[in-house]
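**Q** I am attaching a structure below and will ask some questions about it afterwards.
Numbering (the numbering used here), first residue to last: 2 to 290.
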């Protein structure tokens with residue numbers, strides 16, 4: 002889910018990259034988002050989502066209260082559907098053995114998952130300097146060597162979230178893509194649907210929400226033909242259409258744009274170099290080219 006501060010980014014501690022070759026279990030939640038076990042100093046183990054749509058790590062208010070920690074700074078934060086104000090807190094987290102890292106985490110008031118078993122999000126600040134391989138087919142999050150091959154996408158200059166350009170059959174204008182492992186569903190904006198949809202139709206109503214309280218709902222769908230992004234291909238792609246707030250925040254409200262969520266990303270091999278900001282993505286199964 003998109004999650005990044007307005008105007009200035011929170012400070013990220015300078016840290017040495019983790020040693021290549023380390024792996025930890027990576028599991029998909031009931032709504033297909035990737036989760037790992039994180040050790041929170043002073044609290045214990047907890048499940049966190051890995052969120053490529055988040056520039057900053059986030060922590061549930063319940064954990065902050067259990068730690069008896071004080072809010073550090075008041076921030077305005079952009080989510081998928083809205084802008085909201087919250088605080089931040091300094092916390093020490095570790096995913097790989099012996100790799101504790103200090104981050105200034107955004108505090109999230111609402112539950113990060115309906116079952117309340119997810120207590121935080123790992124954003125770009127946590128993985129600063131690392132190259133990670135999210136191997137969804139094997140169920141592993143691994144530290145790997147820095148990318149050397151041509152990139153399929155990169156990070157947004159200001160927000161540090163991952164972006165790319167996609168193409169559609171018979172259209173020369175690129176489609177802007179926010180690549181978001183924190184999003185359950187992929188979604189198109191209305192400009193993309195207006196310009197490129199081969200079919201517009203009503204369908205099953207879908208709810209779209211971020212880490213705050215606002216929920217957007219839509220039953221409008223667009224069918225796109227011959228979608229390609231990096232090493233991923235989909236012959237026919239049916240997406241819900243909604244002008245959620247993050248498109249405006251990214252400056253994409255007048256451009257054809259979409260969010261690529263875990264309904265698609267679960268069928269990829271996804272390697273992110275957080276030092277350079279580049280990533281490579283290769284489709285398999287339903288997304289193989």
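Glycine included, every Cβ here is placed at the ideal spot set by N, Cα and C.
Measure the beta-carbon distance from residue 194 to residue 121 and round it to whole angstroms, keeping in mind my assumption that it falls under 8 Å.
**A** Actually they do not touch by this definition, with Cβ atoms about 34 Å apart.
**Q** How do the region 93-106 and the region 48-63 stand: do at least 3 beta-carbon pairs fall below 8 Å, yes or no?
**A** Output reads yes: the region 48-63 touches the region 93-106.
**Q** Do residue 130 and residue 276 have their beta-carbon atoms positioned less than 8 Å apart in this structure?
**A** yes
**Q** Specify, as a first and last residue, the run of the beta strand (DSSP E) that residue 258 falls within.
**A** 258-261
**Q** Is it buried or exposed for residue 200, if we count other Cβ within 10 angstroms and need 16 for buried?
**A** exposed
**Q** Would you identify the three-state DSSP class for residue 275, choosing helix, strand or coil?
**A** coil
**Q** Around the C-beta of residue 281, are 16 or more other C-beta atoms found within 10 angstroms, so that it is buried, or is it exposed?
**A** buried
**Q** State the start and end residues of the unbroken alpha helix (DSSP H) segment that holds residue 100.
**A** From DSSP, residue 100 is part of no alpha helix (DSSP H); its letter is neither H nor E.
**Q** Excluding the 5 residues flanking residue 166 on each side, which residues of the same chain have their C-beta closer than 6 Å to its C-beta?
**A** Hits under 6 Å: 175.
**Q** According to DSSP, simplified to helix, strand and coil, what is residue 94?
**A** strand
**Q** Please state the DSSP three-state secondary structure of residue 40.
**A** strand
**Q** Residue 147 and residue 274 look like a contact to me (Cβ under 8 Å); what is the Cβ gap, rounded to whole Å?
**A** 5 Å
**Q** So, with DSSP's three-state summary, where would you put residue 288?
**A** Collapsing the DSSP output to three states places residue 288 in a helix.
**Q** Measure how close the beta-carbons of residue 119 and residue 49 come, nearest whole angstrom, since I'm counting them as under 8 Å.
**A** Between residue 119 and residue 49, the beta carbon gap of about 7 Å places them in contact (Cβ cut-off 8 Å).
**Q** So, for residue 278: in the same chain, excluding its five sequence neighbours on each side, which residues have a beta-carbon less than 7 Å away from its beta-carbon?
**A** 155, 156
**Q** Between residue 205 and the ligand ATP, is there a pair consisting of the residue's CB and a ligand heavy atom that are separated by less than 7 Å?
**A** Because no ligand of any kind appears in the structure shown, any question about the ligand ATP cannot be addressed here.
**Q** Where does residue 131 sit, in a helix, a strand or coil, going by DSSP?
**A** Looking at residue 131 - three-state DSSP - the assignment turns out to be coil, as it is neither helix nor strand.
**Q** So if DSSP puts residue 126 in a beta bridge, which residue, or which two residues, is it bridged to?
**A** Looking at the DSSP assignment, residue 126 forms no beta bridge with any residue, so it has no partner.
**Q** Pull up the DSSP beta-bridge partners for residue 188, would you.
**A** 260
**Q** Just the Cα atoms here: how many angstroms apart are residue 56 and residue 269?
**A** 21 Å
**Q** Going by DSSP, what residues sit across from residue 54 in a beta bridge?
**A** Per DSSP, none; premise fails for residue 54.
**Q** Looking at residue 257: is its Cβ nearer than 8 Å to the Cβ of residue 192?
**A** yes
**Q** Which same chain residues end up closer than 6 Å to residue 23 when comparing Cβ atoms and leaving out the 5 residues on each side of it in sequence?
**A** 97, 144
**Q** As a quick exercise: from 286, 188, 204, 218, pick the residue whose alpha carbon is nearest that of residue 235.
**A** 286
**Q** Please report how far the alpha carbon of residue 169 lies from the alpha carbon of residue 92, in whole angstroms.
**A** 43 Å
**Q** Per DSSP, residue 32 forms a beta bridge with which residues?
**A** According to DSSP, residue 32 bridges with nothing at all.
**Q** Thinking just about the alpha-carbon of each residue, which of 259, 253, 254, 246 is nearest to the one in residue 239?
**A** 259
**Q** Would residue 209 and residue 188 be called neighbours here (beta carbons separated by less than 8 Å)?
**A** For residue 209 and residue 188, yes; Cβs fall inside 8 Å.
**Q** DSSP state of residue 138, grouped into three classes?
**A** coil
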